[in-house]
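Here is the structure we will look at.
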Amino acid sequence: MPPVIRAIGCKAHAALVRSDGMTKPIPGFSGAPYVSAAGEIVWIGAAPALMHPRAVVLDATTPFRLRARLQVGTLVPWQPSVLPLDVTSRATLREACARLARELCHMATPRGFGMMLVGETPPFPFSGVAMRVHALSECLKACDTEALYAAAVPLLGLGSGLTPSGDDLVGAALFMRRAMAETTVERQRWQELAARLGEVAATRSHVIGAALFCDLATGQSFAPLHRMAELLAAADHNGAIDAARELVAIGSSSGWDMLTGFVIAATGEAAHHDRARVG
9 MPPVIRAIGC KAHAALVRSD GMTKPIPGFS GAPYVSAAGE IVWIGAAPAL MHPRAVVLDA
69 TTPFRLRARL QVGTLVPWQP SVLPLDVTSR ATLREACARL ARELCHMATP RGFGMMLVGE
129 TPPFPFSGVA MRVHALSECL KACDTEALYA AAVPLLGLGS GLTPSGDDLV GAALFMRRAM
189 AETTVERQRW QELAARLGEV AATRSHVIGA ALFCDLATGQ SFAPLHRMAE LLAAADHNGA
249 IDAARELVAI GSSSGWDMLT GFVIAATGEA AHHDRARVG
């Protein structure tokens with residue numbers, strides 16, 4: 009039985025339309041859940057929580073086999089929505105994000121850079137760059153894109169896996185800061201910075217990591233992250249907590265790393281838990 013697609017992201021949909029459903033392995037990543045379609049990187053799996061512009065979510069009963077044709081049919085692709093923020097919703101998002109960070113840490117054990125949300129030093133190999141994360145936070149508060157570039161570069165490529173932790177943290181910070189932009193000109197500045205850092209990411213990790221970093225930094229990422237941002241701006245605390253739980257479940261620490269970057273950009277600081285204020 010050919011693979012049955014249950015849901016699909018916009019980039020994956022466009023790529024499979026161009027390739028007539030055909031995919032190719034990515035050199036060096038034969039064991040990874042990523043393939044190439046019409047030159048675009050596509051993720052293939054059966055976890056709806058991992059919906060992403062590059063995702064193809066299959067029916068679990070019809071596993072994917074390389075070179076099998078993936079027919080998109082009449083499926084409507086998932087597309088990340090633009091976060092519409094005004095003065096009021098920006099303020100709401102900041103306050104709601106700080107509350108979420110405090111409460112989520114009571115409900116789950118932070119991993120990776122997420123340790124910084126509770127005022128603790130992240131484990132090796134991240135422990136030596138905690139000060140760089142604090143520097144990144146200061147640059148975000150100052151809206152200084154040149155200083156931010158200098159602070160972000162040493163973090164890119166840091167960590168193992170398909171998406172290095174440093175990429176997830178920096179990318180999510182840019183995701184949030186771009187969304188918080190008050191003017192088209194300001195948003196364009198953050199877009200240009202994301203493109204510059206994307207070029208660096210391509211030299212620090214690999215083709216999959218660089219592509220996912222660029223997606224994240226330009227506001228095209230996992231559905232739980234987009235949903236969490238929308239619910240925070242709408243002051244829907246319970247809904248945002250549910251979305252955040254889905255987010256931090258992604259990868260070994262990827263979700264926590266993204267949440268940390270998001271929180272830093274939204275609130276101006278990393279530590280929000282009571283333990284961070286003891287003494």
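Under our numbering, read the sequence shown as residues 9 to 287, first letter to last.
The beta-carbon is built from N, C-alpha and C at its ideal position, and this holds for glycine as well.
Inset, instruction - Thinking ALA76 and PRO10 are a contact (beta carbons under 8 Å), I'd like their distance in whole angstroms, please. - result: Here residue 76 refers to the residue found at position 68 of the sequence shown. Here residue 10 refers to the residue found at position 2 of the sequence shown. Contact holds; Cβ gap of about 6 Å.
Inset, instruction - Helix, strand or coil for ARG285, going by three-state DSSP, please let me know. - result: Here residue 285 corresponds to residue number 277 of the sequence shown, with the count starting at 1. Its pLDDT being 42, under 50, ARG285 is placed unreliably in this model, and the coordinates cannot settle the point.
Inset, instruction - Alpha carbon to alpha carbon, how far is ARG204 from GLY47? Give it in angstroms, no decimals. - result: For the purposes of this step, residue 47 is taken as the residue at position 39 of the sequence shown. For the purposes of this step, residue 204 is taken as the residue at position 196 of the sequence shown. Taking the straight line from one Cα to the other gives about 21 Å.
Inset, instruction - For GLY136, I'd like the list of residues in its chain whose CB is within less than 8 Å of its CB, leaving aside the five on either flank, ordered along the chain. - result: For the purposes of this step, residue 136 is identified with residue 128 of the sequence shown, where counting begins at 1. Contacts found: none.
Legend entry - DSSP three-state assignment for ILE52, whether helix, strand or coil: The residue you call residue 52 lines up with position 44 of the sequence shown. If DSSP states are grouped into helix, strand and coil, ILE52 belongs with the strands.
Legend entry - Reference VAL252, options LEU267, GLN196, ALA279, closest by Cα: The residue labelled residue 252 in the question sits at position 244 within the sequence shown. It is Ala, not Val, that sits at residue 252 in the sequence shown. ALA252 has its Cα closest to that of LEU267, out of LEU267, GLN196, ALA279.
Legend entry - Backbone CA spacing between ALA273 and LEU177 [nearest angstrom]: Position 265 of the sequence shown, counting from 1, holds the residue named residue 273. Position 169 of the sequence shown, counting from 1, holds the residue named residue 177. For ALA273 and LEU177, the distance between alpha carbons rounds to 10 Å.
Legend entry - Proximity below 8 Å, CB of TRP86 to CB of ALA231: Position 78 of the sequence shown, counted from the first residue, corresponds to residue 86. Position 223 of the sequence shown, counted from the first residue, corresponds to residue 231. Result yes, Cβ atoms of TRP86 and ALA231 sit closer than 8 Å.
Inset, instruction - Mind checking who TYR157 pairs with in its DSSP beta bridge? - result: Here the question's residue 157 lines up with position 149 in the sequence shown. According to the DSSP secondary-structure assignment, TYR157 is paired through a beta bridge with no residue.
Inset, instruction - Label ARG26 either buried or exposed according to how many other C-beta atoms from any shown protein chain fall within 10 Å of its C-beta, with 16 as the threshold for buried. - result: Against the sequence shown, residue 26 aligns to sequence position 18. Counting Cβ neighbours within 10 Å, ARG26 comes out exposed, since fewer than 16 surround it.
Legend entry - Same chain, Cβ closer than 6 Å to ARG235, five either side skipped, listed in chain order: The sequence position of residue 235 within the sequence shown is 227, counting from 1. Closer than 6 Å at Cβ, skipping near neighbours: ALA251.
Legend entry - Cβ neighbours of CYS105 in the same chain (closer than 8 Å, five flanking residues each side left out): Position 97 of the sequence shown holds residue 105. Closer than 8 Å at the Cβ level, and outside the excluded window around CYS105, lie LEU240, PHE270, VAL271, ALA274, THR275.
Inset, instruction - Give the DSSP-derived three-state secondary structure of GLY165 in the structure shown. - result: Locating residue 165 in the sequence shown gives position 157, where the first residue counts as 1. If DSSP states are grouped into helix, strand and coil, GLY165 belongs with coil.
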